[in-house]
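See below for the structure under consideration.
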């Protein structure tokens, strides 16, 4: 009997996927993606798939690490096409259909898509980013309000404001209706300083939007301000991951270089609840340059270090008690606002009840404008001031009731708009024409009905927030929820017709027109994503009913990306899977490329290199050549895949291609991220100088995205440490951590960078002999790694923890770790298992199992050499030399150490050897004795000298030591660069010649010479050279 073959087919009749076994022909129906489905698959060695989009044969294969993976095969003529499917739990019907579609496309074109990389399309240099949808009405928020026509002079407060110009911050903090904005308008009308005004609203809690608004305000007075942030604003995804404190730091530098003062006014700051923005404003206040005067008007105290500012005398404050009208100011207001006199008793009653509250006085005056007898006025005051209802509620009702019905309707209908124009009002109120609405707005302004113009042309207006809120309450009472929704619907259509899509979406959601809102959002989402407004995409989609976005593949994939990029990576899986189902059902190859891109990026983030490689290749095959940002993201994931597999040659080449694509797309964020990755690849290749230059470039160019700059600086500190430039490494690390503390950038923590920083700090303390401080910092690194949920950072921290135990003689603790983490049973060594394997080898060697340690090291040495990871080979060689020495096998130990020296010298490795401690000295001296006259002898001598300085031997040591008093206590801290300068000095080169040789400035050489002289306790070149010879440095 022939062997049964399993086939999974799509049944058109049953509209379902069906299993069948041939030749028996029995048909099974396990539910797709159910436990029974995956259980069935796990038992199969292979099966045939006949889906909607294509066919293939799937085979389960065992890979190097002993795990089983599925692959899809399709033969077309003489060519066999192969695709990675994943583990059994990944074989959903969506995944099967995706691969079938890919293989069908290859069969048609005859080209394997794994290697198909269409040349990138170079964009038109004149082309620019699509218009930012949030800046269309931004100009209405930048208009400095005009003082009202009937103004009560506030000379004592104006003088207070003038005095406040000598301080970093002027704060006006009081409940609504105390005249904060009016006072500022009066002051600024007489102020000769340039004024950048920004009225804030709730939408400004989006960090990119807040930054753009502040920049727009500043550029309204000087278009050149913010030029240092131009790359951030002019590149796709430039607003992703921005650091507001860093951006403000750049702005501070620009403002500090100006010759004239300027005012930055943030009105309605109480709208800002985003902690990152609040923290950034605190940074701005603390570092405010003398030319910048910050003014904040708010209903509640901002989250700023107010106590510290008061103690330093750096804040000017005006509060409700200061802003309220005095009795004389209140009487002046009433006499100006009313056409008839009030009796003294009436005035006293009003003043007592309103307590100087300006909005209450204005509402009272509006209520009393109608000519009334004294008895009527007295009755009104009794009802208004003795009613149990809130005063403002009563007065609002009274003011409205005095208006004609048409005016009342206009006020109520337009109260839900902010800002509004005559044309928009006409659309919402269904007026006959815009002119009719314009006339109504003009009459409201003349009547002082809390209407404020927002631009010089008088096109856009807003109501006083308190007045608008009271009107909206009455609108809801009059029209009900459905009636209000109708008005929002009219507004939404007007916004859409006038090119204001963001406002159209907001209004459509308020109108419960979810289908329309979803379509608008789908149309706008490419612009929102490319500009980095992920929070806005999330907010809008989450306001829609679930069925609205789950039936739209594009919204599903945008939502998945938005969740992933805002840190909700697990939550992104649900909309991503839904997008895949919809794209597969509709046969949209490009859509499947979009979902595959995110899957590849997510796999790289999780450290799943093999999955990232396979899925990124699939995505590249599906995406068109002009999808530059998506393709560059795929290429980044592909580079990460090679890196995670340890293939640094392929990784370096792929990251280079990714950088090219990022440049073509203008994607600065991609450039920064992949330069960081490329720096780490260079470090694995042993190209420390190249890695340092790459990190330095990121530090210099990534200022607005401080997280990237901090990460690069921490890696750079690690290289400086390796070069034994301990002072510079510590300085670099200290500056980076100070910036990290200022920004509290959670992305830095999530990437495990602070773990690396703490480990480098621990190594620095250990190098200085401060072992207790080193132990505490090592514990801090472990805590950070666990908090950040970053497995690679945790593995690095654990490796150093075990090494520390061994140094301290706590072999049993190290052995306990080994028992829990041993990987010696792996069929084949892998790069991702290397760190643990090397740590295990240390434990085995310390436990007397040197032969087992060497067996483990040998397999990883072969892999490292094959993959071109010089850094790994160097570490393995060094550890092998020490392990062989412990066994008493001198010749293999000398061989491995000699190879390590040959690998380490070109890149300037120092601490890798020194950190092995005194145990390495005898072996290193032996190698040195055999290397006299050979190129690496000088390098070996330098290491011996430095090790002897760090680990002085007892006085009765048989080994020769330089005479007492000839060794400078700081000589062992001479860095690799300083040794290079010392060698050039011995060649007789002048300072300019040395600068030219090393491609640095003469001042840099002078600084390094001064440091050398100090460490060698020398005053002249001759003394320095003589001392260097005595110390065997030359």
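In my numbering, the protein residues as written are 8 to 1041. For every residue, glycine included, the Cβ atom is placed at its ideal position computed from N, Cα and C.
When you compare each of 737, 732, 840, 897 to residue 985 by their alpha carbons, which one comes out closest? 732
Going by DSSP, what residues sit across from residue 1049 in a beta bridge? This structure does not reach residue 1049, given that the chain is present from 8 up to 1041, and the question cannot be answered.
7 Å Cβ shell around residue 424 - same chain, five flanking residues per side excluded: 431, 435, 498
On a CA-only basis, which of 891, 1019, 549, 540 is nearest residue 524? Give me that one, please. 549
Report the option in 556, 428, 520, 555 whose CA atom is closest to the CA atom of residue 505. 428
Report buried or exposed for residue 741, applying the criterion of at least 16 other Cβ atoms within 10 angstroms of its Cβ. exposed
To the nearest angstrom, report how far apart residue 452 and residue 406 are at their CA atoms. 15 Å
To the nearest angstrom, how far is it from the Cα of residue 551 to the Cα of residue 193? 44 Å
Quick test of your reading: residue 534 and residue 565, contact by CB under 8 Å. State the CB separation rounded to the nearest angstrom. No, residue 534 and residue 565 are not in contact; Cβ-Cβ is about 11 Å, not under 8 Å.
Just tell me which of 573, 195, 589, 327 has its CA closest to the CA of residue 562. 589
Which of the three DSSP states is assigned to residue 93 in this structure? strand
So residue 626 and residue 650 are in contact, right, with Cβ under 8 Å, and what is the actual spacing, rounded? 18 Å between Cβ atoms; not a contact.
Option nearest residue 547 by Cα separation, candidates 517, 333, 1040: 517
Using a Cβ distance threshold of 8 Å, determine whether the stretch 172–184 contacts the stretch 220–227, with at least three qualifying pairs required. no
Tell me the residue span of the beta strand (DSSP E) that contains residue 75. 75–83
DSSP state of residue 427, grouped into three classes? strand
Can you give me the C-alpha to C-alpha distance between residue 188 and residue 473, rounded to a whole angstrom? 13 Å
Excluding the 5 residues preceding and the 5 following residue 646 in the sequence, name in chain order all residues of the same chain whose CB lies nearer than 6 Å to its CB. 658, 661, 662, 665
Host beta strand (DSSP E) of residue 326 (start-end): 322–326
Please report the residue range of the alpha helix (DSSP H) in which residue 67 lies. Element bounds for residue 67: not the alpha helix (DSSP H) but the beta strand (DSSP E), 62–69.
Sorted by chain position, which residues of the same chain lie with C-beta nearer than 6 Å to residue 3's C-beta, five sequence neighbours on each side aside? Summary: the structure shown does not reach residue 3, with the chain confined to residues 8 through 1041, and so no result is reported for it.
Would residue 23 be called buried (16 or more neighbouring beta carbons within 10 Å of its own) or exposed? exposed
When 690, 886, 56, 176 are compared against residue 875, the one with the closest alpha-carbon: 690
Within this structure, are the beta carbons of residue 863 and residue 848 separated by less than 7 Å? yes
State the DSSP-derived secondary structure class of residue 1009, mapped to helix, strand or coil. helix
In the DSSP assignment, find the beta strand (DSSP E) that holds residue 275 and state where it starts and stops. Neither: residue 275 is in no beta strand (DSSP E) and is coded neither H nor E.
Give me, in chain order, the residues of the same chain whose beta-carbon lies closer than 7 Å to that of residue 8; leave out the 5 immediate sequence neighbours on both sides. Low confidence applies to residue 8: its pLDDT is 34, below 50, so where it sits in the model is not reliable enough to give any reading.
Using 8 Å as the cut-off, can you tell me whether the stretch 159–170 makes contact with the stretch 327–343, which would need three or more C-beta pairs spanning the two stretches below that distance? yes
For my contact list, residue 311 and residue 301 are in at a C-beta cut-off of 8 Å; report their separation, rounded to the angstrom. Not confirmed; about 10 Å, so no contact.
How should residue 1026 be labelled, buried or exposed, when 16 other C-beta atoms within 10 angstroms of its C-beta is the threshold for buried? exposed
Residue 640 and residue 602: beta carbons closer than 7 Å? no
Residue 877 beta carbon less than 7 Å from that of residue 692: yes
Compute the Euclidean distance between the alpha carbons of residue 916 and residue 949, then round it to the nearest angstrom. 11 Å
Bounding residues of the beta strand (DSSP E) (the contiguous stretch that carries residue 302): 299–305
Cβ-based neighbour list, residue 358, same chain, cut-off 6 Å, excluding 5 preceding and 5 following: 334, 337
Quick check on residue 815: does DSSP put it in helix, strand or coil? coil
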